[in-house]
Structures are given as structure tokens and as C-alpha cells.
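Peer 1: One structure, as C-alpha cells, below. Some questions next.
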Amino acid sequence: MARLSLETAIRFLKGVGERREEAFRRLGVATVEDFLYHVPRRYLDATRVTPVARVRVGDDVTCVGVVEATRVLPTRAGLRIFHAVLRDDSGRLECAWPGQAFLERQIRAGQRLLVSGPVRHYHGRQLAPREFVILDDGDEGSASGSGGSPGAAARPEGGSRAPEGRAGVVVPIYPATEGLSHRQIRRLAEQHVSNLLSLVVDPLDDTLRAELPDLASALGGLHQPSSLDEAEVGRRRLAFDELLEQQLVFARARALAKRPRSGIAFGLKRTLTTELRKVLPFSLTTGQRASVREIVADMTASERMHRLLLGDVGSGKTVVALFAMLLAAENGYQAALMAPTELLAEQHAATLTRLLAPLGIRPELLIGRLGSAERRAALVRVGDGGARLVVGTHALIQEDVAFRRLGLVVIDEQHRFGVEQRATLIEKGEAPDVLLLSATPIPRSLALARFGDLDVTILHGRPAGRQPVRTAVRTEQAREGVYAFLEQECRAGRQGYVVYPVIEESERADLRAATTAHAQLTERFSGLTVGIVHGRQPSEERERTMRAFRDGEVALLVATTVIEVGIDVPNATVMVIEHGERFGLAQLHQLRGRVGRGHDASHCILLAPHGPGRERLRAFAATEDGFRIAELDLAERGFGELAGTRQSGAPDLKFVDLVRDLDLLERARAVAARVIARDPGLTAPEHRAIRERLLRRHARAVELFRVG
Ligand code: ADP
Ligand code: MG
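In terms of our numbering, the sequence shown is numbered consecutively and its last residue is 708.
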């Protein structure tokens, strides 16, 4: 057979062949290299194997032995129990799996088995395995000799780098598939991995990989670790590789986006911005001041700004953005602020009009609702530069909207716009600065992974004097009491929300859907106006109801999550969330941010059944810190889903666990920045291997690095 290389098809690996090729394909393994990266999903730590003679009733143990006999016994209750007798050097132990007679087809005499679970008293000692692993089939392995002394597995010195047919101290469990068991994969790995590792060339030299092990040792440690720690060190190396690739792509994208602008150089004029500071009805929070400083530094630098301002709901992002807009304005440029809904745009326009009145600046509002004469007049002012600040919706990106001198684009709730929409507005200026706003607090790790190609400013804290929102978790039994409270608040002139996870009964039969509830609540709260908004309504109808709610004409608003974004009704003091258990924590936080915006005490009541999900709701109720909640959310949902890598054409972060790997991410980001600054196209010889890997694995890298 020809010599193997990493690109060799997996079927040429001895013991694979055409028979197992298809099964490997299902596991995503096509080549020898894929095989090396097909690492164990987890490990059983057999370092604490108990000799069966020492097993005591009441212990929870792990044992390794040869199966001496098996049988299935029926009980009087009609349950069929699978039994196996396990033997090691020290003695024999009975294992029993109630109701799992099917194991008869898997566990057979002669096999070496690892079992772990509690030991109980039943005609003597009996182990009830929670888990078992067939270490080898006595008939095919070279079990003779080593198989006869299974206790060896318990001795670290005997188990490291396990030879064929003997368990290592740490038993790797591989992702398996039909026709290819984890055992078979383990045997192949034992047979081949150490040879294959000699083919591995590390694309990272010592300086790039910092203190992490070289690639071959990392892979070796993952396949055949002598301790769980060794496997973990190996995982971290592969995680670092993934993060570094991702951050290299981001660093390159950032460098390209920030190329020196043609012409615009904002100066620190301190005219409008200083005046605004004087007339603001409040002083900026520490967080706001820090954010303004970062943005101003960025705007006055010679490169374009490409920045994300990330702040919790109510943290006061609008004012921060306003400083940026005035900086552009005092330099003779126009600034545009785009919001996802008319209501939000109107709200921003009203805020800006109020704050800027003393400065003699009137923001222009450009939304779809304008009459045609109004619109024409607005377009003229935008076109001749008379409008210095322009606030609007998608109406801003219509073809006939032309700015005279657009220097700054601010996009509120940026995730609600597509890439194209944002680009369309940006292209209405000549390389304007860009500030994106997001009210979704996320941990820094996630921000770096998801928005790595932007600079990120995190706005911490919130204005003082805001009412805390008291959050309670209640069951169905409390419903009447909750309604009574809701009614009392509304009758006192305040307003409330009732939020549902779905729209129609048919979508999830077990949910009390918003539409049904709207009818019921209208009846229950006779004399109060109950409105409804949901995503299936035409948007005009939805906005009309929202507006009525804002103006106090609707007391109680039944809604789906469409109210998450932006709406600011300080008079609303209660939010009831039905089926709280169905919402993600971050989403609950967004919803809760709709109340507590005025002077009155506010409440958020989560209705949820008893059950395991309640703990997380209690944790949610205990804090109002969006970044803290985002961390809980991250821990709950896992990094991959939240990072949204799939949409960005980047490979999955298979090995990364960002709850644990934040340090790796920071390191990868620093290394990537250093590398790209020195060698923007990754063309230096020492970067060739990384470049090749990137181009192979990362769709976006192909565009970004092609130009070299
Ligand atoms: P968000 O970050 O959610 O967009 P906003 O910009 O809408 O928050 O601000 C929320 C509210 O807080 C607004 O009513 C705003 O006027 C007010 N606000 C902003 N900054 C301050 C401050 N420094 N002190 C007091 N109130 C502030
Ligand atoms: Mg806002």
C-alpha cells in the first residue's frame, strides 16, 4: 500500500476498507486527517476502578471485569431483568439491568466490561449499572494474557498508552454510528493514532500557540490520554486553533473595513457636543461617559469607525449615539439614525427634538407614513444638507433618498436589519463612520466571537433613579390573584402587558395562545381596553395598536414577543409572562425591560408550572443585570448556537467551550491582531500553513484573503 498522508481516504486505513467507509462518512470522516480529528466525545475515568471484592452495598463504584455468564430473568411483576456476572482477579460481582432484556444481544460472556453505578443489597451485593462500556469482545481481541488481568486497568502505570486489548486508565468514548461502534473506533485509534501523528505538521510555531501543546501531542492526548487533564489540554489546543482561525478572519475583515477614509476627518470642535452636555436634563453615567470617549476617539482617528455599542435595555444608548451625531454635525457632516420600526423612529425623533431644541437643531424624521408633500420637502432638506440629523426607518434607504454629506450612520437594534440594508444606508455617504447599537447584552466572549469584525464598546450600568422591576415566579394556582393585581394597576391608571410564547392555539396545542387569551381577557377585564399585537398582523395594524398603547388608549396589551424591541411606555408597570419556562433567559430579560421605565414601582410575573425549569426562572428573577443573565443564558444554551457561526459561513466551533475558554479567545484575538498587522495577507512563509487551512475551512476567508 502506498504511504499514507493526511489526505488519504479513510478506506485505505488498515481495518477500515469499503465496509466501514460509509459509516465513517456518516461521522464526517473522509480522510485520515478527519479520523485524527474524530476525537472522543467523552471519557470514562477508570483511575478509580474498585476490585469487585471490595465493593460494598451503598457504594457508587466503577468496576472492570470479564463477563462470565449472562441471563434474562423475569420478575413476578412482568419485568425482564438482564443479569451479568463480572469476574476480576479479586472475585465475582452480579450486575442487573431491570427492564433491559435487549442487552442480551450486546453483552456476552467473554467480553471485558466496565460498569459504574450504585451497589445495592439483593441476594447479596448487586450492582445496578448506570453506565457500561464494552472494553473488548473476548473473542476477537488479543484478550488472552492482559484480558485475564483486568485489574491492570486500575493501575495508572499499567494503563497509560494502552496496548491493544487492554483498557487505558482513561477510556475514550468515541462518537459512533450504526455499523461502527465506539469500541471499533477505539480499536482503530489504538492501532493507528501514534503512527498517524507523525504525519501531523503543526501550522502554529511556538510563538503563535503560546503555552499550548503542539498539534500532534494535543491529538495524541485526546485519543489516548493517561489522565482526564491530558485530554482537556488537548481539547484546549484544538479550541485555540478554531478560535485563532475565526479571529484571523475577523482581524482581516476589520483591517479592510477600517482602511483610511477618503476625506472625512472629524475634529474635536467642542461646539454642539459641549452645548449638549450643558443642556442635558441629567448628567451622563460613568458608563455613558466612557462610551462617548471611546467613540469620539474613534471618530477623530484617521481610520473609519466600525463600532458596536452594546448596552442593556435602558442603559441610555440613545444619548451616547447623539453625542456621536453631534460630533459629525459640528464638523459639517450629516448623521443618520435608522430604527427598525416607525414607533421607535418617532420616539427617537421626539427625544432628539426635545434635547436639541436649545441648540436650535431640529432632527428630520423620515418614515413611510409621511404624506407625499411632506416627504418631498424632507427629501429636499436631506439632499441640500439643511437636515443635519436625520432619523428614520427603512424609509431612509429608499433609492430617492440622497444625502448631501453623510458622515455618520447609526443603526439602532442593528440585528433587526439585514447586512444589505445596513450597507445601503452606509453607501449613501462616502465611507461614513458606522455605529451599531444593540440592546442584547452578551458576555464579552460572545461579543468577540460574534461581532469580532467590529470594535465593541460595552456600555455598563444604567442611569440612577430607575425603578427596579420586582420579578416573581408563580404557578397556575395564582392566576386569579395575578389578574386581580393586573386589574388593580390598570384601574389606577397604569398599564400592563400579558405576553404569550405563540400566536395561535394550533401552533402548540398545549399553549394558551394570545388570540384566545385576548378574547378571554377582554371579557374578564370588562371596562378596560385590551389590545393585541403579534407577528402575524399586518404591520400597520400592529403599529396602530402599539401607538394606542403608548398614548394610553389601550390599558392592557396582549402580545407575543414582537413587543421585545424598543417600545418605551413609562406608564406600563406590570408584565405577565405566560409559560415563562418556554422563553430563553435573554429573551425574558428583553421582555422585562419593557416595564420599569417610569417612576412607579414595576412588576414582572412569570407564570410557569412546577418542574425542573423553575430553578432557572428563579435565578432570572434574582437579578436585573443583563450581562449576568446573558452569562446564564450562555451556560444554558451553549456557545455554538449563540455565536451564530453558521450564518457567517465560518466552521462550527466544535472544540470550544466559551464558558471555560474565555482566556483562549482573548489570546487568539491578540495573536490574530498581531499577525494581521504584520502580515495582512498571511503570505509570509511561516503563515502559509495557517492560510491554507483557513482557505480550506472558512468560506469567508476565501473572499478576504484571496486578494492577498
Ligand atoms: P436604551 O439604551 O435602551 O436605548 P435609552 O437611550 O432609551 O435606553 O434611555 C432610557 C431612558 O433613560 C431614556 O428615557 C433616557 O432619557 C434616560 N436616560 C439616559 N441617560 C440618562 C442619564 N444619564 N440619567 C438619567 N436618565 C437617563
Ligand atoms: Mg434604545
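We put the beta carbon where it would ideally sit given N, CA and C, even for glycine.
Measure from the alpha carbon of G713 to the alpha carbon of each residue in I567, G598, H610, then state which is nearest.
Peer 2: Limits of the chain in this structure are 1 at one end and 708 at the other, which puts residue 713 out of reach.
Peer 1: Could you tell me the boundaries of the alpha helix (DSSP H) in which H182 lies?
Peer 2: Its alpha helix (DSSP H) spans residues 182 to 197.
Peer 1: Whole-angstrom Cβ separation of D34 and P118, contact assumed at under 8 Å?
Peer 2: Not quite, the Cβ-Cβ distance comes to about 39 Å (not below 8 Å), so this is no contact.
Peer 1: Closer than 8 Å is the cut-off here; do at least three beta carbon pairs connect the region 241 to 253 with the region 695 to 708?
Peer 2: A contact exists between the region 241 to 253 and the region 695 to 708.
Peer 1: Should K428 and L459 be called a contact, given that it needs their Cβ atoms to be closer than 7 Å?
Peer 2: Going by C-beta atoms, K428 is not nearer than 7 Å to L459.
Peer 1: How many Å lie between S146 and R693 at the Cα?
Peer 2: Here S146 scores only 30 on pLDDT, less than 50, and its place in the model is too uncertain to base an answer on.
Peer 1: In its own chain, which residues sit with a C-beta less than 6 Å from the C-beta of L212, not counting the 5 before and 5 after it?
Peer 2: The answer, listed in chain order, is R237, F240.
Peer 1: Less than 8 Å between C-beta atoms, sequence neighbours within five positions excluded: which residues of the same chain meet that for V702?
Peer 2: Closer than 8 Å at the Cβ level, and outside the excluded window around V702, lie L695.
Peer 1: Cβ of V469 within 7 Å of Cβ of C604?
Peer 2: Yes.
Peer 1: CB of A189 to nearest heavy atom of the ligand ADP: below 6 Å?
Peer 2: Outside the cutoff, so no.
Peer 1: Tell me the DSSP bridge mates of L113?
Peer 2: The partner list for L113 (beta bridge, DSSP) reads G65, I134.
Peer 1: Any idea if R20 is buried or exposed, counting beta-carbon neighbours within 10 angstroms, 16 or more meaning buried?
Peer 2: Classification for R20: buried.
Peer 1: Are L310 and S438 closer than 7 Å when you measure CB to CB?
Peer 2: Yes, the Cβ-Cβ distance between L310 and S438 is below 7 Å.
Peer 1: Looking at the strands, I want to know which residues DSSP matches up with H603.
Peer 2: Looking at the DSSP assignment, H603 forms a beta bridge with R470, V574.
Peer 1: Along the chain, where does the alpha helix (DSSP H) containing Y37 start, and where does it finish?
Peer 2: Unbroken alpha helix (DSSP H) run through Y37: 32 to 37.
Peer 1: Could you tell me the alpha carbon to alpha carbon distance between L256 and I676, rounded to whole angstroms?
Peer 2: Distance between the alpha carbons of L256 and I676: 11 Å.
Peer 1: Based on the DSSP secondary-structure assignment, which residues constitute the bridge partners of D652?
Peer 2: Paired residues: none, contrary to the question.
Peer 1: So is Q106 buried or exposed if we call it buried at 16+ other beta carbons inside 10 Å?
Peer 2: Its Cβ having fewer than 16 others within 10 Å, Q106 is exposed.
Peer 1: Indicate the three-state DSSP secondary structure (helix, strand or coil) for G493 in the structure shown.
Peer 2: If DSSP states are grouped into helix, strand and coil, G493 belongs with coil.
Peer 1: Return the first residue and the last residue of the alpha helix (DSSP H) that I426 is part of.
Peer 2: Segment 419 to 426, the alpha helix (DSSP H) holding I426.
Peer 1: Should K428 be counted as a contact of the ligand ADP given a C-beta to heavy atom distance under 6 Å?
Peer 2: K428: no, Cβ never under 6 Å from the ligand ADP.
Peer 1: Does the contact criterion of 3 or more C-beta pairs under 8 Å hold for the region 38 to 58 versus the region 217 to 227?
Peer 2: Judged by Cβ distances under 8 Å, the region 38 to 58 makes contact with the region 217 to 227, as three or more pairs qualify.
Peer 1: Nearest to R76 by CA position, among G99, S372, G596, is which residue?
Peer 2: Among G99, S372, G596, the Cα nearest to that of R76 is on G99.
Peer 1: Since V746 and E242 should fall inside the 8 Å C-beta cutoff, what is the C-beta to C-beta distance between them, to a whole number of angstroms?
Peer 2: Because residue 746 is not part of the residues shown, which for the chain are 1 to 708, the question remains open.
Peer 1: Taking all protein chains shown into account, do 16 or more other C-beta atoms lie within 10 angstroms of the C-beta of F132, making it buried, or fewer, making it exposed?
Peer 2: Buried, because 16 or more other Cβ atoms sit within 10 Å of the Cβ of F132.
Peer 1: Please state whether the Cβ-Cβ distance between G383 and A402 is less than 7 Å.
Peer 2: The answer is yes: Cβ separation under 7 Å.
Peer 1: Among V29, F451, M299, whose alpha-carbon lies nearest the alpha-carbon of A329?
Peer 2: The candidate whose alpha carbon is nearest that of A329 is M299.
Peer 1: Measuring CB atoms only, is the region 680 to 693 touching the region 195 to 212, in the sense that at least three cross pairs come out at less than 8 Å?
Peer 2: Judged by Cβ distances under 8 Å, the region 680 to 693 makes contact with the region 195 to 212, as three or more pairs qualify.
Peer 1: Based on DSSP bridge pairs, tell me the residues matched to L408.
Peer 2: Bridge partners of L408: A335, D433.
Peer 1: Go ahead and label F82 buried or exposed: buried means 16 or more other beta carbons lie within 10 angstroms of its beta carbon, across all protein chains shown.
Peer 2: Answer is buried; the Cβ neighbour count reaches 16.
Peer 1: Compute the minimum distance between the beta carbon of K317 and the heavy atoms of the ligand MG, and state whether it is under 6 Å.
Peer 2: Because some heavy atom of the ligand MG lies under 6 Å away, the Cβ of K317 counts as near it: yes.
Peer 1: From the DSSP output, in three-state form, read off G368 for me.
Peer 2: G368 falls in the coil class under three-state DSSP.
Peer 1: The ligand ADP heavy atoms versus the CB of T285: any closer than 6 Å?
Peer 2: T285 Cβ: within cutoff of the ligand ADP.
Peer 1: Going along the chain, which residues of its own chain have a beta-carbon closer than 7 Å to the beta-carbon of D633, five neighbours each way excluded?
Peer 2: Correct list, in chain order: G584, L585, A586.
Peer 1: First and last residue of the alpha helix (DSSP H) that includes L344?
Peer 2: Where L344 is concerned, the enclosing alpha helix (DSSP H) stretches over 342 to 356.
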